[in-house]
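Here UniProt numbering is used: the first residue of the sequence shown is 1, the next is one more, and so on.
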Amino acid sequence: GTIKFYNSNDGYGFIFSADTNKDYYFNITEWKSEILPNAGQKVEFSEFENKKGLGAKDIKLLENYLSQENSKYSDDRMVCPSCAKKIIPRIQYLNNAPYASHCPYCGVMIKKFQSDLRNFLLFIIVLAIILVGYFIYEFLSHHLF
Numbered sequence: 001g002t003i004k005f006y007n008s009n010d011g012y013g014f015i016f017s018a019d020t021n022k023d024y025y026f027n028i029t030e031w032k033s034e035i036l037p038n039a040g041q042k043v044e045f046s047e048f049e050n051k052k053g054l055g056a057k058d059i060k061l062l063e064n065y066l067s068q069e070n071s072k073y074s075d076d077r078m079v080c081p082s083c084a085k086k087i088i089p090r091i092q093y094l095n096n097a098p099y100a101s102h103c104p105y106c107g108v109m110i111k112k113f114q115s116d117l118r119n120f121l122l123f124i125i126v127l128a129i130i131l132v133g134y135f136i137y138e139f140l141s142h143h144l145f
């Protein structure tokens, strides 16, 4: 078959088979090659059918296509330390800033971007504002009344 479409954000796509003239849904967990799927790639797969329709499993990139791809692209994915799958980590944001990266398969935290020093400094600043406010209140309450 031929990869017709692949959504890298959600990890699914469709393969068109010229033999059956049908589309087969696939999930990235069924992808058995080192290179991420792209439209136009030639693959072989096993088909199955469930209540949602036709699906593809055990998907392998055809060898001649794989050698062409390897010469043009490098694999920038990393290996998850928890599930050992090749991944592109997903970024979690907190207050419009990157907070941490996670494995899209098992959810384990890969890297925390905000340092504990930043959180400690934020705590000190808030504490200083509260103390200054308290001392101003005490000073004004003793000198004005």
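Every residue gets a Cβ at the ideal spot worked out from N, C-alpha and C, and that includes glycine.
Relative to the C-alpha of residue i, which residue among the options is closest?
| i | options | result |
| --- | --- | --- |
| F14 | E30, N95, I91, I3 | I3 |
| K86 | L61, C106, R118, I129 | C106 |
| T82 | G1, E30, L36, M109 | Checking the sequence shown, residue 82 turns out to be Ser, not Thr. That would be M109, whose Cα lies nearest to the Cα of S82. |
Is the distance from the Cβ of residue i to the Cβ of residue j below 9 Å?
| i | j | result |
| --- | --- | --- |
| Y12 | Y24 | no |
| A56 | Y6 | no |
| S101 | F120 | no |
| E44 | K22 | no |
| I88 | R77 | yes |
| D75 | E47 | no |
| G1 | K42 | yes |
Roughly how many angstroms separate the alpha carbons of residue i and residue j, rounded to a whole number?
| i | j | result |
| --- | --- | --- |
| Y137 | L144 | 10 Å |
| I129 | N27 | 52 Å |
| L131 | N9 | 47 Å |
| V79 | L62 | 23 Å |
| K111 | Y99 | 9 Å |
The beta strand (DSSP E) spanning residue i covers which residue range?
| i | result |
| --- | --- |
| Y24 | 22 to 27 |
| V43 | 43 to 50 |
| I15 | 12 to 17 |
| L54 | 53 to 61 |
Run the proximity test for residue i: is its beta-carbon closer than 8 Å to any non-hydrogen atom belonging to the ligand ATP?
| i | result |
| --- | --- |
| F139 | In the structure on display, the ligand ATP does not appear, and there are no ligands present to speak of. |
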